[in-house]
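Chains H and E are the protein sequences, given in the same order. In case it helps, the numbering used here puts the first sequence at residues 4 to 318. In case it helps, the numbering used here puts the second sequence at residues 28 to 261. Where is the CB? At the ideal position from N, CA and C, for every residue including glycine. A short write-up of the structure that comes next.
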Amino acid sequence: MGRKNYRSQAVPVSGAMDALSAALANKAVGNNDGDAVIEFTQAGAEFFTDSDVLIALSGDGACLNCGNKRLPPDRPVFVPAQTRLSLENNKEGSRAYLAVAGGWDVPQVLGSRSTYITAQIGGLDGRRLAENDKLSHGVNLSPLSQSIVNSLKGDAVNFPNWAIARSLFLSANRKIIRVIPGKEFNWFDADSATHFFSKAFAVGNNSNRMGYHLKGPLMSRTMEGELLSTSVTPGTIQVTNDGSLILLMADCQTTGGYPRIAQVAEVDLPLSAQLKPGDEIYFTELSWKDAERLYLEQQKDLQMLSRAIELRYGF
Amino acid sequence: MIQIYPISESAVTIEFGNAINEALMLRIAGFNQLLKQKPFPGLYDAVPAYTTLTVFFDPLVVIRATALPGKSCYEKVSGYLQQLQGVNNPAPVAQNDIIVIPVYYGGELGPDLEYVADYHQLSVDEVIHIHTSAICKVYMIGFIPGFAYMGGLDDRLETPRKATPRSAVPAGAVGIAGKQTGIYPLQTPGGWQIIGQTPVKLFDASRQIPSLLKAGDRIRFEAVTLSAFQNHKQ
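In structure tokens:
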């Protein structure tokens, strides 16, 4: 997911902020992980289905309702034509992902369907979704998606008795974000290093898909001078000239000139993506070796999850 | 002395030096070219910057690549980069032709041209003459899609940024900020002194290679008339 081959031309990766929830929503309906999903950020929405669809919602940011009935997340939900659904903002988290069997049908731009608003590319005309937009799904359902549809199809909204245990993919304490010390970590004094790993940092109000401002103790430099602009990537924590932190997220620039004090472990980026302004987090240290091992283990678990869903439907 | 270090689970940076200079830029461009000819399995992209080249890859492909020795993705990728660096004293990168960027200077398209001229006690024509005489080198692409960090601005045009940035600078705007000159590829807020505008699209997602410029390119600005600007734009 995301636009991975154009960073050398300064095109950000974009894609889902919480790539885990996006992947789980896709898996629940039998899609490929890279199929387009809709990301909702602290938002509500209403939908009307013109045709039968198989959908799934994942992420902490919203709940899905049909009339007074709450539709469960992290599992496939069959929705017959002419049904009204509402998505309700959930204060538990920040983002939610809506997948549809066949994937949302938007064109690939530079190898990805991800929306990048600054360059007006990807998604639906390179912009945010708006009232009265019509979206369709890809017509070629995977054999797995088709089997799930067949098992649930009827006149009413329907879902199976299984669900993906999303919490098993996330650490129990969601306030703790694991990070690896960055290349310029030793540009800061001992007090700063201590504070970085012991004090709370709060997500600022002016946070968006490019990055979060983190409010907490300021970092003091021991090393003067400027960093020559070099690559940064989602999860990079930069220190601005006043000593405050910026956590870069999915739509971040490809290069930056602020010292990089740390990098959020890939497996904890989904936790970061669910943070809301005002939420407090703590950083704890991880080695590169462990970060890579945890990432590869998670990917393996996700592959096993796909296999388990396939087996359930006789594949 | 080169340094190799990870910046994420899926990216490794190779640092070739610690100062902005043309020799280093050409060396990085040369290494990037070599890497493109001999990519490792799972490589997505390589991003040149002033002193670094960062490779981005798919860890799931790299970890399974038996051709790459090592126990972790980092070992595999850094080992590969090291040996690629070792076997090779990168031949100087083949120089492309100079890319000519047509610019209409001044007027509504270059609202700060007169300010820049006054600031340096030059005439507007002298500013245009100086700006179009230099060959500028592209050191890296960053900031926003297709934006080129260029060196080669004549010292006589060095001008501080605007005290208050504009909320919207149009795509194609040609500006000066300190020792740098550059072109806005997209409409964004910006604080550069805008002296003109080019009708050329610096970034176009419908092109196979969307960014017109890349690290290592050389460019020259050329003054054009308003009608030439408008014709080109259509």
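Status (buried if at least 16 other CB within 10 Å, exposed otherwise) for residue i
i	result
Gly64 (chain H)	buried
Arg98 (chain H)	buried
Met4 (chain H)	buried
Met226 (chain H)	exposed
Gly18 (chain H)	buried
Phe58 (chain E)	buried
Ile162 (chain E)	exposed
Asp244 (chain E)	buried
Phe318 (chain H)	exposed
His259 (chain E)	exposed
Pro192 (chain E)	exposed
Ser150 (chain E)	exposed
Asn29 (chain H)	buried
Trp219 (chain E)	buried
Ile125 (chain E)	exposed
Pro110 (chain H)	exposed
Glu300 (chain H)	exposed
Glu269 (chain H)	buried
Ser105 (chain E)	buried
Within chain H, the residues that residue i reaches when beta carbons sit closer than 8 Å
i	result
Met167 (chain E)	Ser232 and Thr258
Tyr77 (chain E)	Leu231, Ser232 and Thr233
Tyr176 (chain E)	Ser232
Phe83 (chain E)	Lys7, Arg10 and Thr236
Beta-carbon proximity of residue i to residue j, cut-off 8 Å
i	j	result
Gly173 (chain E)	Pro237 (chain E)	yes
Thr287 (chain H)	Phe170 (chain E)	no
Gln12 (chain H)	Lys279 (chain H)	no
Pro237 (chain H)	Cys255 (chain H)	yes
Leu221 (chain H)	Phe204 (chain H)	no
Ile155 (chain E)	Tyr131 (chain E)	no
Gly33 (chain H)	Ser148 (chain H)	yes
Ala48 (chain H)	Arg78 (chain H)	no
Ile246 (chain E)	Val165 (chain E)	yes
Glu42 (chain H)	Tyr100 (chain H)	yes
Val89 (chain E)	Leu95 (chain E)	yes
Ile180 (chain H)	Ile284 (chain H)	yes
Tyr77 (chain E)	Met167 (chain E)	yes
Val56 (chain H)	Val16 (chain H)	no
Gly62 (chain H)	Asp108 (chain H)	no
Gly214 (chain H)	Met252 (chain H)	yes
Leu80 (chain E)	Ile34 (chain E)	no
Gly96 (chain H)	Gln277 (chain H)	yes
Phe248 (chain E)	Thr159 (chain E)	yes
Pro86 (chain E)	Glu295 (chain H)	yes
Phe172 (chain H)	Asp304 (chain H)	yes
Reduced DSSP secondary structure (H/G/I, E/B, other) of residue i
i	result
Gln306 (chain H)	helix
Tyr132 (chain E)	strand
Asn92 (chain H)	strand
Gln112 (chain E)	helix
Tyr146 (chain E)	helix
Asn176 (chain H)	coil
Met52 (chain E)	helix
Lys164 (chain E)	strand
Ala59 (chain H)	strand
Asp183 (chain H)	Checking the sequence shown, residue 183 (chain H) turns out to be Ile, not Asp. Ile183 (chain H) falls in the strand class under three-state DSSP.
Ile236 (chain E)	coil
Leu278 (chain H)	coil
Arg169 (chain H)	helix
Asp293 (chain H)	helix
Ser105 (chain E)	helix
Ala31 (chain H)	helix
Lys63 (chain E)	helix
Neighbouring residues, chain H, relative to residue i (Cβ below 9 Å)
i	result
Pro86 (chain E)	Glu269, Glu295, Tyr298, Leu299 and Gln302
Phe67 (chain E)	Those do not exist, as Phe67 (chain E) stays about 15 Å from chain H at its closest Cβ, beyond 9 Å.
Leu213 (chain E)	Thr121, Ala122 and Gln123
Contacts that residue i makes with chain E (C-beta to C-beta distance below 7 Å)
i	result
Asn8 (chain H)	Tyr71 and Asp72
Gln12 (chain H)	Ile168, Pro172, Gly173, Pro237 and Ser238
Ile124 (chain H)	Ala232
Gln266 (chain H)	Ile34 and Ser35
Integer Cβ distance of residue i from residue j, believed to fall under 8 Å
i	j	result
Ile151 (chain H)	Gly185 (chain H)	Between Gly185 (chain H) and Ile151 (chain H) the Cβ distance is about 43 Å, and since that is not below 8 Å, they are no contact.
Gly223 (chain E)	Tyr211 (chain E)	That pair is no contact at about 11 Å.
Gly106 (chain H)	Ala39 (chain H)	5 Å
Amino acids of chain E, ordered along the chain, whose beta-carbon sits closer than 8 Å to that of residue i
i	result
Gly238 (chain H)	Ser35
Lys186 (chain H)	Tyr32, Ile34 and Thr40
Val112 (chain H)	Ala232
Within chain H, the residues that residue i reaches when beta carbons sit closer than 7 Å
i	result
Cys100 (chain E)	Glu295
Ile90 (chain E)	Leu299
Ile47 (chain E)	Leu231
CB contact below 8 Å: residue i versus chain A
i	result
Trp291 (chain H)	Looking at the structure shown, chain A is missing, and the protein chains on hand are H and E.
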